[in-house]
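Chains as they are written, first to last, in our numbering: chain P, 261 to 392; chain Y, 261 to 392.
Take a look at the structure set out below.
Protein chains: 2
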Amino acid sequence: MTTPILTKNQSLVFDVLTKAEAPLSAYTILDKLRDHGFRAPLQVYRALDKLLEYGVVHRLESINSFVACAHPDENCHSHGLVAFAICESCGQVIEFHDHEVDHRLMHWLKSHKFKAEKSTIEIRGHCASCAA
Amino acid sequence: MTTPILTKNQSLVFDVLTKAEAPLSAYTILDKLRDHGFRAPLQVYRALDKLLEYGVVHRLESINSFVACAHPDENCHSHGLVAFAICESCGQVIEFHDHEVDHRLMHWLKSHKFKAEKSTIEIRGHCASCAA
DNA sequence: TCAATTGCGTTATGCTATAACGTGTGCGAT
DNA sequence: ATCGCACACGTTATAGCATAACGCAATTGA
Ligand SMILES: [Zn+2]
Ligand SMILES: [Zn+2]
Ligand SMILES: [Zn+2]
Ligand SMILES: [Zn+2]
Numbered sequence: 261m262t263t264p265i266l267t268k269n270q271s272l273v274f275d276v277l278t279k280a281e282a283p284l285s286a287y288t289i290l291d292k293l294r295d296h297g298f299r300a301p302l303q304v305y306r307a308l309d310k311l312l313e314y315g316v317v318h319r320l321e322s323i324n325s326f327v328a329c330a331h332p333d334e335n336c337h338s339h340g341l342v343a344f345a346i347c348e349s350c351g352q353v354i355e356f357h358d359h360e361v362d363h364r365l366m367h368w369l370k371s372h373k374f375k376a377e378k379s380t381i382e383i384r385g386h387c388a389s390c391a392a
Numbered sequence: 261m262t263t264p265i266l267t268k269n270q271s272l273v274f275d276v277l278t279k280a281e282a283p284l285s286a287y288t289i290l291d292k293l294r295d296h297g298f299r300a301p302l303q304v305y306r307a308l309d310k311l312l313e314y315g316v317v318h319r320l321e322s323i324n325s326f327v328a329c330a331h332p333d334e335n336c337h338s339h340g341l342v343a344f345a346i347c348e349s350c351g352q353v354i355e356f357h358d359h360e361v362d363h364r365l366m367h368w369l370k371s372h373k374f375k376a377e378k379s380t381i382e383i384r385g386h387c388a389s390c391a392a
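This is the structure:
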């Protein structure tokens with residue numbers, strides 16, 4: 261699935277997320293885009309919906325925030341789950357994929373005849389720099 | 261860690277969750293307890309905070325809801341991660357534990373010197389009954 | 001040309017969670 | 001005993017996250 265040309269609003273939101281060093285909430289994005297004409301939450305949420313659909317942005321459920329995909333080129337998302345390590349000190353997020361984890365989870369789901377559609381794997385704690 | 265005696269409010273909230281067949285939002289719990297004197301969200305959230313701390317209730321981040329622990333006796337939570345399969349049709353939640361998944365995730369975290377504190381593993385989709 | 005789709009802007013509303021204040025109760029230390 | 005502290009509780013207000021519902025404009029394809 262190739263990503264369609266982004267609309268103006270989608271590009272603005274995506275740029276903000278790409279330049280951010282930590283995940284952003286929808287309302288934070290809104291504030292950052294007020295100078296570009298954004299006035300209402302829906303403008304952000306609608307853009308985010310599309311970016312999520314295209315797979316270029318991820319939603320972090322445990323902190324109600326959004327982050328640009330760290331692996332936009334390799335389309336790892338089509339053949340595996342995505343996991344995130346979220347530092348509660350500096351806010352940094354590391355996106356990673358582990359085939360073994362995928363495999364085990366898939367195995368459990370299959371053996372329980374559970375048809376998975378969306379997954380959330382998020383670990384919160386402290387990154388190497390902040391753990392000191 | 262043994263669970264302390266629950267206070268009145270904590271017991272009420274815990275009972276509601278235990279009898280529920282699906283996860284409940286804090287406000288749904290509030291509504292169910294209005295007849296017992298509950299009037300404000302904080303009464304629910306404060307009870308939930310304690311129940312989460314005691315490990316007898318889990319929070320499902322991806323659906324902003326709470327569920328009673330399915331394995332209150334075995335204290336699996338002390339030595340492993342918890343995962344949830346959430347059916348988007350019937351609302352049913354299956355809580356499970358997989359040591360292999362734990363092990364792989366722990367391995368990744370360790371090799372990246374990431375100090376984990378809380379984890380969220382939630383799979384949303386359709387259960388065996390609803391998948392038909 | 002007409003209908004269907006998609007994006008957009010705006011207003012209003014709903015759902016989720018916490019801040020900040022004060023009260024009462026139990027319990028150990030002085 | 002009474003002081004101080006911790007904790008649960010109640011209430012009001014507010015903050016933060018997300019969507020409903022309306023209407024308009026541009027695009028596309030029959
Ligand atoms: Zn990604
Ligand atoms: Zn950090
Ligand atoms: Zn449990
Ligand atoms: Zn089901």
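C-beta atoms are modelled at their ideal positions from N, C-alpha and C, and glycine is treated no differently.
None of these values were measured; they are calculated from a predicted model.
At a threshold of 7 angstroms, P/Glu355 counts as near ligand 1, since its beta carbon sits closer than that to one of the ligand's heavy atoms. In this structure, P/Val304 lies near P/Ala286, with their beta-carbon atoms less than 8 angstroms apart.
Counting only runs of 3 or more residues that sit fully inside the region 267-348 of chain Y, the beta strand (DSSP E) segments are 317-320, 325-328 and 343-347, in chain order.
P/Asp291 and P/His372 have their alpha carbons spaced roughly 44 angstroms apart.
Approximately 11 angstroms separates the beta-carbon atoms of Y/Val316 and Y/Ala307; this is outside 8 angstroms, ruling out the contact. Inclusion of P/Gly385 and Y/Phe374 in the CB contact set at 8 angstroms is warranted, their separation being smaller than that value. Scanning Y/Pro264, Y/His331, Y/Ser271 and Y/Glu360 for the CA closest to the CA of Y/Tyr314 turns up Y/Pro264. In the three-state reduction of the DSSP assignment, P/Ala392 falls in the coil class.
The C-beta of P/Ser379 has 16 or more other C-beta atoms within 10 Å across all chains shown, which makes the residue buried. Per DSSP, P/Thr263 has no beta-bridge partner at all. By the beta-carbon neighbour count (other beta carbons within 10 angstroms, threshold 16), Y/Asp362 is buried. Annotation for P/His386: the continuous beta strand (DSSP E) segment containing it runs Lys375 to His386. Rounded to whole angstroms, Y/Arg319 and Y/Phe326 show a C-alpha spacing of 5 angstroms.
Contact note: Y/Leu365 reaches chain P through Ala343, Asp358, Val361, Ile381 and Ile383, using a C-beta cutoff of 9 angstroms and chain order. Boundaries for Y/His372: no alpha helix (DSSP H) harbours it, and the DSSP string shows neither H nor E there. Counting the other CB atoms within 10 Å of its CB gives Y/Asp333 a total below 16, which places it among the exposed residues. Annotation: P/Ile354 to P/Ile381 spans about 12 angstroms, alpha carbon to alpha carbon. Across the structure, Y/Leu365 and Y/His296 are spaced so that their CA atoms are roughly 43 angstroms apart.
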